[in-house]
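Q: Submitted below is the structure of interest, expressed as structure tokens.
Spelled out as structure tokens, the structure:
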């Protein structure tokens, strides 16, 4: 098998996260809103549901990673999961955004079940997908490029999902009577996106190859792998940084629709044919476009200034601007969109660096312990994503309840201030915590280059 990574393979690898990110953004930005304003569930109850279901799912990720490390097939260790989980991913995704004709308590139980199953399916496809970065190429700079492709396509997928979902939901909600059927609209809108995701996953499976083989073919025990992981200091640091970064991102994402609907109180920006384009859609699309720019900048800046320094610089800027966001007035829409753009560029820069650093940690672990546990290492990155998302999502729901939010009503001063707080100070706390963690990260580019050279000699 050739070690050259073709453009098609880089694109195929990007397709995998494009598919995952479409639903990741739907969950992060729209699911709470769907549960409260479409399904009719209480915000605080949804926040508690997010905490319970996501904590279980967070600890399911390392199990998936350990199992994937022990998988052997003609397609490799990780690619089979992408093939077999693609269709279940799409089907369960649609069911998650389906409103059953149950009582309020029945709907809440339905939400618990469908969301829990969806997150398990997400783990079964996304953890092996993430692990591919550690086995496509052993070269650090090539991994930076692959990580940038991944994140560019991820944010591209998010951009497409955010551009489509509200117009699609509005279009499919239209009825002959003139009274919109929002439940049907969201179900059919998500169905369109799910079909795109399934196709992208299948292309990812078809175009990507696994090349990096472990030094030792014999299987280590799960106990040994987990012991190695628990002793891996860089892993703990990166785990903390990733969780804090996702708290920063998930709170901003989850509060966006509430910010425009209930705080800015401007919804429709313009119409495009039969579809209405809202300010929240434009705001989120600006964010995703800026994320893509940040991803493009991550590799050249990271290769020149170092991953750690680039990460620190981006997060400092994001922290300062998030704090200043609090003082932007409702009428300052231009500044609101400019702040969203710059903060999102910074967020786009950090995430490919995180994934690339996890690949470095997999090499460091193999170099130190003589055992390679790529799936387990990368499952921790997924775990940090979900744990940060869990905390951010639960906090968003609880804070809405605490500040007296009531769906589809005019909000009082306390609720409006709370929503603004979730776009400014709370995300800034997450970004500042991420800065503290990454400042302690010990693996420099020079050290990783030495480790990679020694591993290559051992493999020979």
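Numbering (the working numbering), first residue to last: -11 to 448.
Heads up, the beta-carbon is just placed ideally off N, CA and C, and yes, glycines get one too.
Here the structure is a predicted model, which is why all the values come from computation and not from measurement.
Assign residue 239 to one of three DSSP states: helix, strand, or coil.
A: As a working mapping, residue 239 is identified with position 251 in the chain shown. Helix.
Q: Could you tell me the alpha carbon to alpha carbon distance between residue 347 and residue 433, rounded to whole angstroms?
A: For this step, residue 347 is matched to residue 359 along the chain shown. For this step, residue 433 is matched to residue 445 along the chain shown. CA-CA distance, residue 347 to residue 433, rounds to 13 Å.
Q: For the alpha helix (DSSP H) that residue 174 lies in, which residues bound it at each end?
A: Residue 174 sits at position 186 when you count from the first residue of the chain shown. Looking at the DSSP string, the run of the alpha helix (DSSP H) that includes residue 174 is 170 to 195.
Q: Using 8 Å as the threshold, is the stretch 54 to 61 in touch with the stretch 182 to 191, meaning 3 or more CB pairs across them?
A: These segments do not touch.
Q: To the nearest angstrom, how far is it from the Cα of residue 440 to the Cα of residue 5?
A: Mapped onto the chain shown, residue 440 falls at position 452. Mapped onto the chain shown, residue 5 falls at position 17. Each residue's alpha carbon lies about 26 Å from the other.
Q: Go ahead and pull the three-state DSSP assignment for residue 167.
A: One-based indexing of the chain shown puts residue 167 at position 179. Note: residue 167 maps to coil in three-state DSSP.
Q: Helix, strand or coil: how does DSSP classify residue -7 here?
A: Position 5 of the chain shown, counting from 1, holds the residue named residue -7. In the structure shown, residue -7 sits in coil (DSSP, three-state: anything other than H, G, I, E or B).
Q: Taking 8 Å as the threshold, find out whether the stretch 148 to 158 comes into contact with the stretch 290 to 305 through three or more Cβ pairs.
A: The stretch 148 to 158 is not in contact with the stretch 290 to 305.
Q: To which residues of the same chain is residue 206 closer than 7 Å at the C-beta, ignoring the five residues directly before and after it?
A: Residue mapping note: residue 206 aligns to position 218 of the chain shown, counting from 1. Caution is warranted here: a pLDDT of 48 is assigned to residue 206, below 50, making its placement in the model unreliable, and no coordinate value can be reported.
Q: Can you grab the Cα-Cα spacing for the pair residue 221 / residue 329, in whole Å?
A: Position 233 of the chain shown, counted from the start, is the residue given in the question as residue 221. Position 341 of the chain shown, counted from the start, is the residue given in the question as residue 329. So the alpha carbons of these two residues sit roughly 34 Å apart.
Q: I need the straight-line Cα distance from residue -11 to residue 197, nearest angstrom please.
A: Here residue -11 corresponds to residue number 1 of the chain shown, with the count starting at 1. Here residue 197 corresponds to residue number 209 of the chain shown, with the count starting at 1. Residue confidence is low: residue -11 scores 47 on pLDDT, short of 50, so the model does not pin down where it sits. No coordinate-derived value is stated.
Q: Please report the Cβ distance between residue 337 and residue 136, rounded to the nearest whole angstrom; I am assuming they are in contact, meaning their Cβ atoms lie under 8 Å.
A: Taking the chain shown and counting its residues from 1, one reaches residue 337 at position 349. Taking the chain shown and counting its residues from 1, one reaches residue 136 at position 148. The Cβ separation is near 10 Å, so there is no contact.
Q: What do you get for residue -5, buried or exposed, if any count of 16 or more other CB atoms within 10 angstroms of its CB means buried?
A: As a first step, residue -5 must be located in the chain shown, where it is residue number 7. Sixteen is the threshold: since fewer than 16 other Cβ atoms of the shown chains lie within 10 Å of the Cβ of residue -5, the residue is exposed.
Q: Would a C-beta distance cut-off of 8 Å place residue 189 and residue 113 closer than the cut-off?
A: In the chain shown, counting from the first residue as 1, residue 189 sits at position 201. In the chain shown, counting from the first residue as 1, residue 113 sits at position 125. In this structure, residue 113 lies closer than 8 Å to residue 189 by Cβ.
Q: Is the separation between the beta-carbon of residue 419 and that of residue 286 shorter than 8 Å?
A: Taking the chain shown and counting its residues from 1, one reaches residue 419 at position 431. Taking the chain shown and counting its residues from 1, one reaches residue 286 at position 298. Contact: no.
Q: DSSP state of residue 205, grouped into three classes?
A: Numbered from 1 along the chain shown, position 217 holds the residue referred to as residue 205. Confidence in residue 205 is poor, its pLDDT being 49 and thus under 50, which makes the residue's placement unreliable; the coordinate value appears in the next sentence. Correct three-state label for residue 205: coil.
Q: Kindly provide the ranges of any alpha helix (DSSP H) runs that are 4 or more residues long and lie completely inside the stretch 102 to 171, ordered along the chain.
A: 121 to 124 and 128 to 161
Q: Would DSSP call residue 266 helix, strand or coil?
A: Looking up residue 266 in the chain shown gives position 278. The answer is strand: DSSP assigns residue 266 an E or B state.
Q: Whether or not the stretch 40 to 60 and the stretch 95 to 107 are in contact is what I'm after, with contact meaning three or more pairs of Cβ atoms, one per stretch, closer than 8 Å; do they touch?
A: yes
Q: Looking only at its own chain, which residues have a Cβ that is under 6 Å from the Cβ of residue 238, when we skip the five neighbours before and after it?
A: Counting from one through the chain shown, the residue named residue 238 turns up at place 250. Only 16, 377, 380 and 381 meet the Cβ criterion.
Q: Out of 331, 14, 357 and 351, point me to the one whose CA is closest to residue 215's CA.
A: For the purposes of this step, residue 215 is taken as the residue at position 227 of the chain shown. Minimum Cα distance to residue 215 is reached at 357.
Q: Mind checking whether residue 147 and residue 273 have CB atoms under 8 Å apart?
A: By one-based count along the chain shown, residue 147 stands at place 159. By one-based count along the chain shown, residue 273 stands at place 285. Here residue 147 is near residue 273, since their CB atoms are less than 8 Å apart.
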